[in-house]
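Taking it in order: structure first as structure tokens, then the write-up.
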Amino acid sequence: MKRILMFVVLMVAVQFVGAQNDENKSSDKHFSGSVWATNNGISLIPTFNLGKPAFMFNFSIGGEKLSFDPQLRFSMEGKPWSFIFWWRYQLVNTEKFRFKIGAHPAFSFKEINVVKDGEAMEIIRVRRYLAGELSPTFKLSEKVTVAPYYLYAHGVEDDITQHTQYIALQSNISNLQLSENLRFSLAPQVYYLRMDGLDGFYAASSFSLSLKDFPVSASFMMNQKIDSEIASDDFTWSASLVYSFNSIYRKR
Numbered sequence: 003m004k005r006i007l008m009f010v011v012l013m014v015a016v017q018f019v020g021a022q023n024d025e026n027k028s029s030d031k032h033f034s035g036s037v038w039a040t041n042n043g044i045s046l047i048p049t050f051n052l053g054k055p056a057f058m059f060n061f062s063i064g065g066e067k068l069s070f071d072p073q074l075r076f077s078m079e080g081k082p083w084s085f086i087f088w089w090r091y092q093l094v095n096t097e098k099f100r101f102k103i104g105a106h107p108a109f110s111f112k113e114i115n116v117v118k119d120g121e122a123m124e125i126i127r128v129r130r131y132l133a134g135e136l137s138p139t140f141k142l143s144e145k146v147t148v149a150p151y152y153l154y155a156h157g158v159e160d161d162i163t164q165h166t167q168y169i170a171l172q173s174n175i176s177n178l179q180l181s182e183n184l185r186f187s188l189a190p191q192v193y194y195l196r197m198d199g200l201d202g203f204y205a206a207s208s209f210s211l212s213l214k215d216f217p218v219s220a221s222f223m224m225n226q227k228i229d230s231e232i233a234s235d236d237f238t239w240s241a242s243l244v245y246s247f248n249s250i251y252r253k254r
């Protein structure tokens, strides 16, 4: 798995170098993102959650092929939860098929209690991870896509999970019209998760309601354990308000 991760990281690095000339030739750049306010922060892998209200900031900056996609998450108390710094490169982009690869360093923050000079105190410990992803997407129609997904993450510190594999079959049904202005989207998935010697199967689904030409939407997510050895909640859910934006910039 480390070799797979290194391969993906090297592929992203090689494509990054090659993409610079292409991206520089193109005048169009995007800056998009979303800000989430949620009652329960759900992780990139839906099995895990913060267990309390959170703010999540997702951004994407780049050109047609290469993008930098940071994800910054905090509890509503202002304490950091996790920072993920994605670099993604689009290898294939056709009308019916897209294929992206990505790699990131990630930082996860956990509150722990320690005793210093005889006094108990709370500190935030940083745990570091390196990860790579493979993300093909098949477009079945204007509103339906199917996307197998693979992620491998390696824990840098010795006392955290060393090897995480997340294999999912994801789909997206978007922009279903409920009324003249109300839109509905659904994104179900089933996935397999393996962490060191433990594994499990899960099902998750998210859906959103949005108004035409209005930047704020409502999003709901549910995650159900099917059969797992991994310590986690049997059922998790969250409700969120999401502000989204997308801007295109052109050099003159």
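So the sequence shown is residues 3 to 254, counted in the working numbering. In this text, a Cβ means the ideal position worked out from N, Cα and C, and glycines have one as well.
Residue 33 sits in a strand when the DSSP states are folded into three classes. Looking at the DSSP output, residue 117 sits in a beta bridge with 122.
Rounded to whole angstroms, the separation of the alpha carbons of residue 178 and residue 211 is 10 Å. If you look at residue 174, you'll find it in the beta strand (DSSP E) that goes 165-179. By DSSP's assignment, residue 201 forms a beta bridge with 196.
The shortest C-alpha to C-alpha distance from residue 144 to any of 159, 181, 98 is the one to 98.
A contact is defined here as three or more CB-CB pairs under 8 Å, and the region 75-95 meets this definition with respect to the region 46-58.
For the 8 Å CB-CB criterion, residue 108 and residue 85 form a contact. The straight-line gap separating the alpha-carbon atoms of residue 40 and residue 87 is approximately 21 Å. Distance from the CA of residue 106 to the CA of residue 134, rounded to the nearest whole angstrom, comes to 6 Å. A check of alpha carbon separations from residue 53 across 158, 94, 83 identifies 83 as the nearest. With distances taken between CA atoms, residue 248 lies nearest to 64 out of 203, 64, 221. Under the three-state reduction of DSSP, residue 52 is assigned to coil, being neither helix nor strand. Just so you know, the alpha carbons of residue 244 and residue 34 end up roughly 13 Å apart. Spanning the alpha carbons of residue 152 and residue 166 requires a straight line of approximately 11 Å. Around the Cβ of residue 95, a 10 Å sphere holds fewer than 16 other Cβ atoms; the residue is exposed.
Contact annotation: residue 149 and residue 173 have beta-carbon atoms nearer than 8 Å. For residue 190, the CB contacts under 7 Å within the same chain, skipping 5 residues up- and downstream, are 173, 207 in chain order.
Within the model, the alpha-carbon separation for residue 224 versus residue 241 is close to 9 Å.
Less than 8 Å divides the Cβ of residue 171 from the Cβ of residue 192. DSSP links residue 82 through a beta bridge to 76.
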